[in-house]
Amino acid sequence: MMTASKTVNLSYRALVHITGEEAEKFLQAVITTNLDQLGPHELKPGALLTPQGKILFDFLVSRIEGGLRFDLPADVAGDFVKRITLYRLRAKAEIVQVPESLVSVCWQGDSPASDNDSIKRDSRFPAQLNVLRLYHQASANAGLDAWVQLRAEYGIAEGEADFAYGDVFPHDVNFDQTGGVSFPKGCFIGQEVVSRMQHRGTTRRRVLIARSDVPLPPMGTPITVEGREIGAMGSSASQIGLALVRIDRVKDAMDTGNSILAGDAAITLSLPPHVRFGFPEAETGHG
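In terms of our numbering, the sequence shown has 126 at position 83, counting the first letter as 1, and numbering is strictly consecutive.
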């Protein structure tokens, strides 16, 4: 039996609409998402990278009449508009930040995605959870911690909440696992570096699920093993959260039985469900 639907208002998000006959064409060559594979009733994660392959902005993108909707943290939306405008060049496209954006999320209900553009399925989560993004007025029946907990349970990291912009590659925050970066489509800003990482399998940092018997500390708290920093906390809700860590050093700690600490809190780290990576072979005696 399905449990009651949960709805959370995301007042910290904002919307940018990019419309026009050449909007999709210029965006396809700039962002990491493959827009050719974006269905009418879903949203996909994506990012705008630096030429060196690090995430400048991350977002959720979905279709609207005549163009695309970008859902991203409100306090970077203006900067995103400025940056994406630089890449528009002479393309026939209009880029507008939506005033008074309405963004909510719901899950565990039986409402389908809608034909009216205001409800989209979040493709980062298993379909059976029915995680939907709502772009209209919605009454909340749960607080933000419920959404943070759901993201933590599935290893879904988001910019500002779990990592700093300009500091991570898409692989570091599992974007290669959630459809946030398309390797077959070819060109996007930073593509050469990111594709090299994919081909060589050189990713050392990953987002894992952190759990503790006590409340977890805030984002940015160092995660250590025997006093040595191996990563940092992302967002958390009570005793579960996300952690961006060196997975080789996590594996070493697990193999040797050393405690892993987030601040003063003892934690366990585990792989998110459905990911296609595992812990590497342990290496002892790191320099």
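Beta carbons are placed, not taken as given, at the ideal position from N, Cα and C, and that holds for glycine.
Distance check for residue j and residue i, CA to CA, integer angstroms please.
i	j	result
M44	Q171	Because M44 sits at a pLDDT of 38, beneath the cut-off of 50, its placement in the model cannot be relied upon, and the point is left open.
R292	R106	41 Å
G274	H317	22 Å
I74	T93	10 Å
N184	R176	15 Å
F320	T267	22 Å
V288	R247	8 Å
G284	R133	43 Å
T128	L251	34 Å
L86	I162	9 Å
D160	V141	15 Å
S313	G198	10 Å
Q71	D298	43 Å
L115	F322	31 Å
V59	G186	25 Å
I334	T245	Only positions 44 to 330 of the chain appear in the structure, and residue 334 is not among them; the question remains open.
A120	Y55	11 Å
H242	G300	32 Å
S238	Q95	11 Å
R194	G109	31 Å
V211	S278	16 Å
Using 9 Å as the threshold, is the C-beta distance between residue i and residue j below it?
i	j	result
D188	A90	no
D101	G209	no
Q151	N173	yes
A117	E65	no
I61	L111	yes
I need the boundaries of the beta strand (DSSP E) containing residue i, first residue and last residue.
i	result
H60	R56 to T62
A253	R248 to S255
Q140	E137 to Q140
D188	Where D188 is concerned, there is no enclosing beta strand (DSSP E), although the alpha helix (DSSP H) it sits in stretches over L187 to E196.
A275	R271 to A280
F100	I98 to I107
D165	I162 to D165
P265	P265 to V268
I199	Looking at the DSSP string, I199 is not in any beta strand (DSSP E), and its letter there is neither H nor E.
N52	K49 to N52
So the alpha helix (DSSP H) residue i belongs to, where does it begin and stop?
i	result
V237	Q234 to R243
R131	A117 to R131
I290	I290 to T299
K68	A66 to Q71
Under 7 Å Cβ to Cβ from residue i, same chain only, skipping five residues before and after it: list those, please.
i	result
D260	Sequence check: residue 260 is Pro here, not Asp. The answer, listed in chain order, is M276, A305, G306 and A308.
Q180	L145
E67	L78 and L111
V124	V59, I138 and Q140
Only counting the same chain, and skipping five residues up and downstream in sequence, which positions put a Cβ closer than 6 Å to that of residue i?
i	result
N77	S225 and K228
S302	A309
G63	K135, A136 and E137
E201	none
Contact criterion: CB-CB distance below 9 Å. Does residue i meet it with respect to chain D?
i	result
L259	Within the model displayed, chain D is absent; a lone protein chain is all it includes.
Inset, instruction - Flag this pair as touching only if the stretch 189–205 and the stretch 215–222 have three or more C-beta atom pairs under 8 Å; answer yes or no. - result: yes
Inset, instruction - Assess, as a yes-or-no matter, whether the stretch 254–270 is touched by the stretch 224–234 under the definition of 3 or more beta carbon pairs within less than 8 Å. - result: no
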